[in-house]
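Going by the working numbering, the first residue of the sequence shown is number 6, and it counts up by one from there.
Every residue gets a Cβ at the ideal spot worked out from N, C-alpha and C, and that includes glycine.
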Amino acid sequence: AARAEFGGVEAQKETARDARGLRLWGELRANVEFAARGLGHHPIQSLIVVTTLTLGIGISAVVFSVMNALAFRARVDRDAATFTRILVSYRTDTTGPSFPGAAPLGDYLSYARTIRSLSSIAGWQHVQLALSDGARPTPGALVTCGFFEVYGPVRPIAGRMLQRDDCESRAPVAVIGHDLWRTAFGGGPAAVGRVLRINGQSIRIVGVAPPFSSASIDDELWLPYTLRESLHLGPNDAASPNAIPLFIDGRLAPGATRGDVSAEARVIAAQQDRLTTGRHTAVFVNDGSLIAKPGNGVAVTGILAVVFVGLACLALVACASVVSILLAIAHGRRTEMALRMALGAGAPRLAAMLGTESLMLAIVAGTVASALTFRLPRILLEWIIQRPVNFSFTPDWRVFAFLLVTTVGAALMADEPACAAARDGQMAELSRRRRAYADDGERRARRRVRNGRAGRRRSDGRDDCEDRRGAPASDAIDRGLAELLRRVRDPRGARAIVHVGRCGLRGGSVSGDRLT
């Protein structure tokens, strides 16, 4: 009685699984197992698909990682969220505003003394220095002596970094970079204490810096900014109109924001403007990225748009190659899809199974591509510019988001041919087999009719058996075969095709075919 009221046990089990959400996990596990078996049946094609997707996704991700490091973030090794850059633009009553950039030495000193929303602040200027007469200029930087606190902390390979006393005393000292240390001094510790002739002046090496993200892409020397005059690069007097201009970088104090820095800097700039008649200063505070620099937005955005279009074309070419391979695989699976449909699998179920297989291929390719983004971006950029670079290319959330979008897009494109082949091929396969069964049944029926008539012609000319109304048995057989042939030719009228056995009725009964 309970079974009659509540239904079968298996049906109740299925209902309970659906209510607890176990069916979803079961289908997911089945999809993964199906995908693993499918990939195992076509290992060579699967390897080709993964390799092709890895090349398409990997190359795109590596190029995007380079663009991300150059345009979307500050070139620092640690804690880019606190890095802050202050740019200033000046105009007078008779001239227009200058391009936002460095601040004169006097303004920098005012910012350094007054701003409280920065825990550390530094100024720097990129210069070209001659290490010996006739030698090719070596890139370097004149820096304030808090420079390595902003871009570090940087622990020296040998010796020490610049200290505040070096700037105040105008000590003729320098810190050299890792590459210069290896090429000029063989990478030995004896380099510390050696004297270099820089712009004709004797400068003592006090330390060797490790590879790190400096303010400029190729700096190899760092000297106190107070040596500018002795190096014949300009005056050191802060009141001079030709005083050294310094780019200003800093680190946010705990709890401070760039808005706080901007507010303080504008107040200081207004105070400095009062010291110079007719001068007006505009202050810009950003995160130090190239795209955030005033005036760069349109140009950088245009370049990035061109690069993204190229990356999209590359990914599409890779996906098109994958689609052609998967179409060939899907063509051979029409029978499998037709059988699954015949057994009750719906189109959404088949789409989920095939989608899991494509997603697994894309995930493997995306994982390999993500590993490439840790090493290849630096190699690519150094090959392009033909010089070493000293800033970090460690992937951030933008790179991983790009990888995720590209991988999911590749999975969707790879899934489409298999689903389309299943949709288009399942009914075609069933129709083809149905026609084959019908044709085969018709041939068998005709052969039996011919055999029966031949047997009657060999007899004495009269029918062996007749029905009780006196009709010839052959007429009854012909009518039955005609009805059978009509139904076979029109499969829509038949629910199933069953086998036919021979039957013989002795003693004047019908001898013919019996439909079971």
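Arg90 counts as buried, since no fewer than 16 other beta carbons sit within 10 angstroms of its beta carbon. Judged by their CB atoms, Asp98 and Gln277 are not nearer to each other than the 7 Å cut-off.
Counting the other CB atoms within 10 Å of its CB gives Asp84 a total below 16, which places it among the exposed residues. Beta-bridge annotation (DSSP): Ser235 is not paired with any residue. Look at Val155 here: in three-state DSSP terms it is helix.
Counting other Cβ atoms within 10 Å of its Cβ, Ala406 stays below 16 and is therefore classed as exposed. Comparing alpha carbon positions, the residue from Ala304, Thr143, Arg263, Ala287 closest to Leu228 is Thr143.
Annotation for Gly212: no alpha helix (DSSP H) segment contains it, though the beta strand (DSSP E) segment containing it runs 206–213. Listed in chain order, the non-local C-beta contacts of Val37 below 7 Å within the same chain comprise Thr361, local neighbours out to five positions each way being set aside. Going by C-alpha positions, Leu167 is about 28 Å away from Ser267. Remark: C-beta atoms of Asp254 and Pro393 do not approach each other more closely than 7 Å. In the structure shown, Arg187 adopts helical secondary structure according to DSSP, grouped into three states. In the structure shown, Leu114 falls within a helical segment according to DSSP collapsed to helix, strand and coil. The beta carbons of Leu408 and Gly371 sit closer together than 7 Å. Using a C-beta cut-off of 8 Å, the stretch 143–153 makes no contact with the stretch 278–296, since fewer than three inter-stretch Cβ pairs fall below that distance. Here Ile222 carries a coil assignment [DSSP, helix/strand/coil]. Here Val148 is bridged, per DSSP, to Trp129, Pro229. In the DSSP assignment, Gly164 forms a beta bridge with Gly212. For Val328, the three-state secondary structure derived from DSSP is helix.
The residues Phe398, in chain order, have a CB closer than 6 Å to that of Ala74 in the same chain once the five nearest residues on each side in sequence are set aside. Distances from the alpha-carbon of Glu269 to those of Ala79, Ser115, Arg202, Gly300 put Ser115 closest. In this model, Ser221 and His131 are separated by some 7 Å (Cα to Cα). In the three-state reduction of the DSSP assignment, Arg199 falls in the coil class.
Annotation for Phe69: the continuous alpha helix (DSSP H) segment containing it runs 48–72. Around Pro194, the same chain offers Ala163 as residues with beta carbons nearer than 6 Å, after the five sequence neighbours per side are excluded. Per DSSP, Arg96 lies in no alpha helix (DSSP H); the unbroken beta strand (DSSP E) holding it starts and ends at 88–96. For Ser103, the secondary structure class from DSSP, reduced to helix, strand or coil, is coil.
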